[in-house]
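Each residue of the first sequence is one higher than the last, beginning at 274 in our numbering.
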Amino acid sequence: MFVPIKDSATAFLEDLNDEQRAAVTHCEGPLLVLAGAGTGKTTTLVSRMAWLVAEQGVSPEQVLLLTFTRRAARQMLERARVLLGAGGSGQVVGGTFHSVAHRLLRLHPASVGLPPEFGVLDASDAADLLEVLREERGLAEQGSRFPRKATLLDIYSRCVNAQRPLSQILAEAHPQWEDQGEALGGLFAAYGARKHALGVLDLDDLLLLWRALARHEVVGPQLGRMFAHVLVDEYQDLNQLQVDIVAGLRSKERGLTVVGDDAQVIYGFRSASAEHILNFRIEYPDATVVTLEHNYRSSQPILDLANEVAAGAARAYPKRLRADREGGSRPQLVFCLDQSAQTQEVCQRILDAYEQGTELKEQAVLMRAGHHSDQLELELTRRKIPFVKYGGIRYLDAAHVKDFLCLLRLANNPGDQLAWFRTLQLLEGVGPVTARRALDALDLDTLDSTAELADRWLTAEPLLKKPAQEGAVRLIAGLVWSAGQPAVGVLVERLRDAIAPLIRNHYRDGTTRLRDLDQLTRVAADAHSLSVFLAELAIDPPSSSADLAGPPELDDDYLILSTVHSAKGLEWDAVHLIAASDGNFPSDKALTSPEGLEEERRLFYVALTRARHNLTIHIPRRYYHQPHSRTDSHGYGNQSRFLTDEAEALCDRTDLAPDPHVWSSDNVLAADTVTVDLTHLWH
DNA sequence: TGGTCGCCAATTTTT
DNA sequence: TTGGCGACCA
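Right, dumping it as structure tokens:
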């Protein structure tokens, strides 16, 4: 249906193509937009928001925008703000599923049985709690075979997110633990009970309780009236639980728009499944489907390669991206001798592109796994090339930051056993055993207020050695003092001072680490409540310490380093994909099932389609293994299985490494790096 | 002898 | 950074 362009408020419609405009101005019933990579998906979604506001009289705060990743949320809301900015009245409500769930639950905690000051566990907190329960239940005995804590959380989380029974999840994703089904079931039940007793939620609970809230007989309809229109981005990456939530939000009066691309399902490990987007028309029989195929991002040679890679998929829904404009240079395939050669080559190419006018911000280095850029980061630092890294190890995962957060959690809730357990072990001569005993002596379950802590501590104190006692007294004094302190900023600063000597003592580079805590202290100064501050940190953690330092200056130019997962939805003029050899990409960790390989392929496709003009794929020919690790039998291949002969023919090829057959014979380390066919890994 | 601490190996992707 | 294993201390 064509809607005439009436006034300047809808001038943005002129910049859209026919399909986009059809999507933006769709009126009746649910709308599914199948948007290939680079087809102006964000533009379409944001324009639809603006259109709803300008033409349909929906007020901005009645529009709910849901995205899968935090970066997508941020980007989308920013653009919405710009486009709606002129009106300036209200703001679109939006964010990740988890952050929206959190906000709604803060509004109605009691309706789902939550204490008003409920806490939120991030993934590592949740894993720690599972570990504690595992020990309590005698499942951690030496020699007994049982999943480690990260695996426990993964299994549990899959059950929740896929909404499927443990036995099924075990059979499909963790067959090696199938015989532990009973113990796992018991452990998970205890985990649920403990979370309830502690008044905390994990990230999965946020979604579960949102669904419960939506089904609540009083609050449900109330929530329903909050939003006139719901837009969901990256629908292909939703899991069953999120699909349920979206279905719960739908009503006759409310509009629903979902956008996605079945070729970009890359969150299978979070129980995402392309089935959901493919079944959308079945679930919503009155849905309208609009397909976007014009690619505005990349040049045709890049799309040719992407199409070729996608065509290799076992079960492809044929879709060929067409470039909007002519010309463009072919993707570059660069074979390097090893990782060091790759590092030098990437740096050179980044600088070359920069010289030719592509600023650093318009370039990105992409990789399968966060650590693939370790060496490159050192070299960039050495060459003084500024960069920001996304994905990989996160700021909050740094040990000393966790230590500090635990102390803050104690200020918020002195009965938090997990936080005590970690904090106590910062003290000299205190390990898990002493910490456990001190905890028992504290008898936290009967603790009513922080003020009692000082007295309580007298019973635990003798269990510690002298220097540890002094440190502990400082911490307790800080906590007791902070209990009467309403200003979060002041409180956090005081606790930072209390923990500072312990950090300095406990870590080799303690003084450097303390500086990270300063950043956190600064951010906390703006917080209104400690519990909300901590919960938001768990849901929306800064992805780098640079995030905490605030947005970089406008004139700052810096290179982006990112995992492919974190790069989804983003684009750059020049993309340098590194470590694209078999074993790394596809990651051999992912090759436990045929579906694993298919997801790697889609991930590769996502990586390729991030590039606008220049795409370079670096393939190190070999990796040097630790000389002693004879156990590492599979080694790495020296090329990418995704780059078939047909795909390679679409690229310009540069070979910086001698032919493997030539150099391997006179290289001492050659025996460690045989090319092995990895197909055996998934039968 | 129980418990801590140092050393070594290995580490996917995100909310 | 975490986990496993061995050395050293009370």
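Heads up, the beta-carbon is just placed ideally off N, CA and C, and yes, glycines get one too.
Whether residue i touches residue j by CB criterion (7 Å)
i: Thr794; j: Arg769; result: yes
i: Arg979; j: Asp517; result: Nothing about residue 979 can be reported from this structure: the residues present for the chain run from 274 to 956 only.
i: Ala797; j: Val761; result: yes
i: Glu292; j: Val563; result: yes
i: Asp829; j: Gln605; result: no
i: Ala692; j: Arg682; result: yes
i: Val753; j: Thr723; result: yes
i: Ala800; j: Val393; result: no
i: Glu599; j: Asp846; result: no
i: Ile539; j: Val306; result: no
i: Ala547; j: Gln509; result: yes
i: Ala727; j: Leu748; result: no
i: Gly528; j: His549; result: no
i: Ala637; j: Val848; result: yes
i: Leu426; j: Leu403; result: yes
i: Val607; j: Thr927; result: yes
i: Gln621; j: His891; result: no
i: Tyr831; j: Phe660; result: yes
i: Phe858; j: Arg641; result: yes
i: Leu551; j: Ala308; result: no
Member of the options whose CA lies at the smallest distance from the CA of residue i
i: Leu356; options: Ala345, Val532, Thr315 and Gly630; result: Thr315
i: Val365; options: Pro382, His381 and Ser332; result: Ser332
i: Phe694; options: Cys679, Asp670 and Glu566; result: Cys679
i: Leu594; options: Gln615, Gly869 and Ser571; result: Ser571
i: Leu460; options: Arg431, Val405, Leu305 and Glu507; result: Val405
i: Pro303; options: His644, Asp918 and Val519; result: Val519
i: Gln690; options: His673, Leu377, Val703 and Ala708; result: Ala708
i: Pro735; options: Leu514, Leu715 and Ala724; result: Leu715
i: Gln537; options: Arg379, Glu871 and Ala884; result: Glu871
i: Arg656; options: Gly630, Gln617, Gln629 and His644; result: Gln617
i: Asn686; options: Leu471, Thr317 and Leu843; result: Leu471
i: Glu844; options: Thr696, Asp918 and Ile575; result: Ile575
i: Phe500; options: Glu334, Glu409 and Leu403; result: Glu334
i: Pro815; options: Val837, Leu803 and Gln792; result: Gln792
i: Leu496; options: Val837, Asn778, Leu378 and Ala711; result: Leu378
i: Arg767; options: Arg343, Ala733 and Ser755; result: Ser755
i: Ala741; options: Leu699, Val706 and Asp855; result: Leu699
i: Ala884; options: Thr631, Arg788 and Val706; result: Thr631
i: Val336; options: Gln348, Ala323 and Arg344; result: Ala323
i: Ser802; options: Asn778, Val763 and Arg788; result: Val763
i: His838; options: Gly783, Gly643 and Asp789; result: Gly643
Sheet register partners of residue i (DSSP bridge)
i: Ala637; result: Ile833 and Val848
i: Leu608; result: Sequence inspection shows Phe at residue 608; the Leu mentioned does not correspond to that position. Beta-bridge pairing links Phe608 to Ile892 and Asp928.
i: Asn552; result: Beta-bridge pairing links Asn552 to no other residue.
i: Ala596; result: Asn568
i: Tyr663; result: Ser835
i: Ser860; result: Gly856 and Asn857
i: Asn512; result: Per DSSP, none; premise fails for Asn512.
i: Gly528; result: His502
i: Gly367; result: Leu338
i: Asp647; result: For Asp647, which the question treats as bridged, DSSP gives no partner whatsoever.
i: Leu881; result: Note: Leu881 sits in no beta bridge, so no partner.
i: Gly257; result: Residue 257 is absent from the model: the chain starts at 274 and stops at 956.
i: Asp475; result: Leu394
i: Thr561; result: Leu304
i: Leu887; result: The residue you asked about is not Leu; residue 887 is Asn in the sequence shown. For Asn887, which the question treats as bridged, DSSP gives the partners Ala847.
Whole-Å CB distance - residue i paired with residue j, under 8 Å assumed
i: Leu968; j: Asp475; result: Only positions 274 to 956 of the chain appear in this structure, which leaves residue 968 out of reach.
i: Tyr663; j: Ile833; result: 7 Å
i: Leu511; j: Ala840; result: That belief does not hold up - the Cβ atoms of Leu511 and Ala840 are roughly 19 Å apart, past 8 Å.
i: His375; j: Leu479; result: 6 Å
i: Asp676; j: Ile776; result: 7 Å
i: His381; j: Leu486; result: 6 Å
i: Gln436; j: Leu514; result: 6 Å
i: Arg729; j: Leu720; result: 7 Å
i: Glu873; j: Ser860; result: 7 Å
i: Leu649; j: Arg894; result: The pair is not a contact, with the Cβ atoms about 17 Å apart (cut-off 8 Å).
i: Leu850; j: Leu578; result: Rounded, the Cβ-Cβ distance is 11 Å, inconsistent with contact.
Residue i beta carbon near the ligand ADP (any heavy atom closer than 6 Å)
i: Ser524; result: By its list of ligands, the structure shown contains no ligand whatsoever, and the ligand ADP lies outside what it can speak to.
Inset, instruction - Just list the alpha helix (DSSP H) runs in the stretch 373 to 449, keeping only unbroken ones of 4 residues or longer that don't cross its boundaries, in chain order. - result: 396 to 409, 422 to 435 and 439 to 446
Legend entry - Unbroken stretches of the alpha helix (DSSP H), 4 residues or longer, contained in the stretch 760 to 827: 761 to 779, 783 to 797, 803 to 812 and 818 to 821
Legend entry - Every unbroken alpha helix (DSSP H) inside the stretch 681 to 739 [4 residues or more]: 690 to 697, 705 to 715 and 726 to 733
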